[in-house]
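Peer 1: Residue numbers (this note's numbering): 11 to 346. Where is the CB? At the ideal position from N, CA and C, for every residue including glycine.
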């Protein structure tokens, strides 16, 4: 399949890449104030990080002072969130971290993360993009929070084969609905998520018309992914592909979670298990080539999986909840 010319989809200022809503300008302003007054960064350095002009930084700093957000420190309800985001960015080499606050420590983080992700995606998606998408409860829940709009030449590729049972979190269902929101074109991998042999996998790709779809993933502008924790039964039984003995074998080999059914350890290294050769999903090396790698996930049972994913996929954008952010930083010995 002919390779398309690369498109400039990363143009635009940083404010456009932040979540939509009333707090978008507030978040950008407080981030600028935090970097200037707390981290002692220069205005030029802040402009580079945020992707705006120096004049915009000067304006935001002046406005923060006028709003009395800057005194000895930064006084704003967003300050704690910004502190966590900046700590995550520094610790894991992220371009941007986005934190979803929780109503209580024991609240289910998925609704908050999904709302934060949907808001971000509403502005981050652009005409001319080719986006590879994963699956799962977190991603599916983002759909209701994404603002529908028409994008020209917008393509969505499902990165994983489907599950046989017609369930809510089927990879094909998410990819199709995500493409529909932006009136784009969707491309699926119409196979089981896991096959019975390497020979079957090769035959499906080479002889059943899937090679073109897989080749499209060599030229992705962005990937949108979530992870599953090894302790979560949904990772293994939602598609009926793995038995309990498979899960136990993966745990013995150090697996902490999966990304598109690729199982990996806490260091982000794929474990030695047959499922990693039999999964009908795009390989990690292709995913890492995408210039924008969005990882959205959280929850107490996924901390080790998230830590491993930082190395495995090296996300550029990471969206999680405040409790998960603190646990990840604690695991790295970082005080935020």
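Can you check whether the CB of residue 234 is closer than 9 Å to the CB of residue 108?
Peer 2: Here the question's residue 108 lines up with position 98 in the chain shown. Here the question's residue 234 lines up with position 224 in the chain shown. No, the pair does not count as a contact, with Cβ atoms beyond the cut-off.
Peer 1: Excluding the five sequence neighbours on either side, which residues of its own chain have a C-beta within less than 6 Å of the C-beta of residue 308, listed in chain order?
Peer 2: Start at 1 with the first residue of the chain shown, and residue 308 comes out as number 298. These residues qualify, in order along the chain: 119, 123, 330, 331 and 334.
Peer 1: For the structure I just gave you, are there three or more beta carbon pairs, one from the stretch 289-299 and one from the stretch 89-108, closer than 8 Å?
Peer 2: Flag = no, the stretch 289-299 and the stretch 89-108 do not touch.
Peer 1: Along the alpha helix (DSSP H) that carries residue 256, what are the first and last residues, could you check?
Peer 2: By 1-based counting over the chain shown, the position of residue 256 is 246. Note, residue 256: alpha helix (DSSP H), 254-262.
Peer 1: Per DSSP, what are the beta-bridge partners of residue 317 in this structure?
Peer 2: Stepping through the chain shown from its first residue, residue 317 is reached at position 307. DSSP lists no partner for residue 317.
Peer 1: With a cut-off of 8 Å, do at least 3 Cβ pairs link the stretch 185-204 to the stretch 258-265?
Peer 2: Counting Cβ pairs under 8 Å, fewer than three are found: no touch.
Peer 1: Keeping to the same chain, check which residues put their C-beta closer than 7 Å to that of residue 10; ignore five residues upstream and five downstream.
Peer 2: Residue 10 lies beyond the residue range present for the chain, which begins at 11 and ends at 346; the question has no answer from this structure.
Peer 1: Among the residues of its own chain, which have a CB less than 7 Å from the CB of residue 344, if the five just before and after it don't count?
Peer 2: Residue numbering aside, residue 344 sits at position 334 when the chain shown is read from its first letter. If we look at residue 344 and ignore the five residues flanking it on each side, its Cβ neighbours are 97 and 101.
Peer 1: Tell me the residue span of the alpha helix (DSSP H) that contains residue 58.
Peer 2: Start at 1 with the first residue of the chain shown, and residue 58 comes out as number 48. That run of the alpha helix (DSSP H) goes 53-60.
Peer 1: I'd like to know whether the C-beta atoms of residue 323 and residue 303 end up nearer to each other than 9 Å.
Peer 2: Indexing the chain shown from 1 puts residue 323 at position 313. Indexing the chain shown from 1 puts residue 303 at position 293. Yes; because the gap between Cβ atoms is below 9 Å, this pair is in contact.
Peer 1: Less than 6 Å between C-beta atoms, sequence neighbours within five positions excluded: which residues of the same chain meet that for residue 126?
Peer 2: As a first step, residue 126 must be located in the chain shown, where it is residue number 116. Taken in chain order, the residues that qualify are 108, 110 and 329.
Peer 1: Suppose you measure from the CA of residue 142 to the CA of residue 81; what does that come to, to the nearest Å?
Peer 2: The residue given as residue 142 occupies position 132 in the chain shown. The residue given as residue 81 occupies position 71 in the chain shown. Going from the Cα of residue 142 to the Cα of residue 81 covers about 44 Å.
Peer 1: Residue 75: buried (16+ other C-beta within 10 angstroms of its C-beta) or exposed?
Peer 2: Residue 75 sits at position 65 when you count from the first residue of the chain shown. Answer is exposed; the Cβ neighbour count stays below 16.
Peer 1: Tell me which same chain residues have a C-beta within less than 7 Å of the C-beta of residue 159, skipping the five on either side of it?
Peer 2: Position 149 of the chain shown, counting from 1, holds the residue named residue 159. Once the five neighbours on either side are set aside, the close Cβ partners of residue 159 are 192.
Peer 1: Using a Cβ-Cβ distance under 9 Å, would residue 113 count as near chain D?
Peer 2: This model lacks chain D altogether; it includes just one protein chain.
Peer 1: On the DSSP letters alone, give me the boundaries of the alpha helix (DSSP H) that residue 128 sits inside.
Peer 2: Translated into the one-based positions of the chain shown, residue 128 becomes position 118. Its alpha helix (DSSP H) spans residues 119-134.
Peer 1: Express the C-alpha separation of residue 134 and residue 21 in angstroms, rounding to a whole number.
Peer 2: What you label residue 21 is simply residue 11 of the chain shown in a count that begins at 1. What you label residue 134 is simply residue 124 of the chain shown in a count that begins at 1. With a pLDDT of only 35 at residue 21, under the threshold of 50, the placement of this residue in the model should not be trusted; the figure read from the coordinates follows. C-alpha separation (whole angstroms): 11 Å.
Peer 1: Which two residues bound the contiguous alpha helix (DSSP H) that contains residue 65?
Peer 2: By one-based count along the chain shown, residue 65 stands at place 55. Residues 64-76.
Peer 1: In its own chain, which residues sit with a C-beta less than 7 Å from the C-beta of residue 263, not counting the 5 before and 5 after it?
Peer 2: On the chain shown, position 253 is the one that residue 263 refers to. Answer for residue 263: 281, 282 and 283, listed in chain order.
Peer 1: Can you tell me which of 215, 316, 164 and 54 puts its alpha carbon nearest to the alpha carbon of residue 200?
Peer 2: Residue mapping note: residue 200 aligns to position 190 of the chain shown, counting from 1. If we check each option's Cα against that of residue 200, 215 comes out closest.
Peer 1: What is the residue span of the alpha helix (DSSP H) that residue 227 lies within?
Peer 2: The count along the chain shown starts at 1 and reaches residue 227 at position 217. Note, residue 227: premise wrong, no alpha helix (DSSP H); not H, not E.
Peer 1: Across which residues does DSSP place residue 154 in a beta bridge pair?
Peer 2: For this step, residue 154 is matched to residue 144 along the chain shown. DSSP lists no partner for residue 154.
Peer 1: Out of 230, 270 and 306, state which residue places its alpha-carbon closest to the alpha-carbon of residue 138.
Peer 2: As a first step, residue 138 is located in the chain shown; it is residue number 128 there, counting from the start. Nearest of 230, 270 and 306 to residue 138, Cα basis: 230.
Peer 1: Please identify the residue among 204, 306, 288 and 92 whose C-alpha is closest to the C-alpha of residue 238.
Peer 2: Taking the first residue of the chain shown as position 1, residue 238 is located at position 228. Taking only the C-alpha atoms, the option nearest residue 238 is 306.
Peer 1: On the CB-based measure, 16 or more other CB atoms within 10 Å of its CB, does residue 236 come out buried or exposed?
Peer 2: Position 226 of the chain shown, counted from the first residue, corresponds to residue 236. It is buried - the Cβ of residue 236 has at least 16 other Cβ atoms within 10 Å.
Peer 1: Using DSSP bridges, identify the partner residues of residue 165.
Peer 2: In the chain shown, counting from the first residue as 1, residue 165 sits at position 155. DSSP lists 140 and 195 as partners of residue 165.
Peer 1: Is the distance from the Cβ of residue 38 to the Cβ of residue 71 below 9 Å?
Peer 2: For this step, residue 38 is matched to residue 28 along the chain shown. For this step, residue 71 is matched to residue 61 along the chain shown. Not closer than 9 Å, so no.
Peer 1: Straight-line CA distance for residue 165 to residue 195?
Peer 2: In the chain shown, the residue the question calls residue 165 occupies position 155. In the chain shown, the residue the question calls residue 195 occupies position 185. Those two C-alpha atoms are separated by around 5 Å.
Peer 1: Does residue 47 come out as helix, strand or coil in the three-state DSSP assignment?
Peer 2: In the chain shown, counting from the first residue as 1, residue 47 sits at position 37. In the structure shown, residue 47 sits in a helix (DSSP, three-state: H, G or I).
Peer 1: Start and end of the alpha helix (DSSP H) containing residue 326?
Peer 2: Here the question's residue 326 lines up with position 316 in the chain shown. Here residue 326 belongs to no alpha helix (DSSP H), and DSSP marks it neither H nor E.
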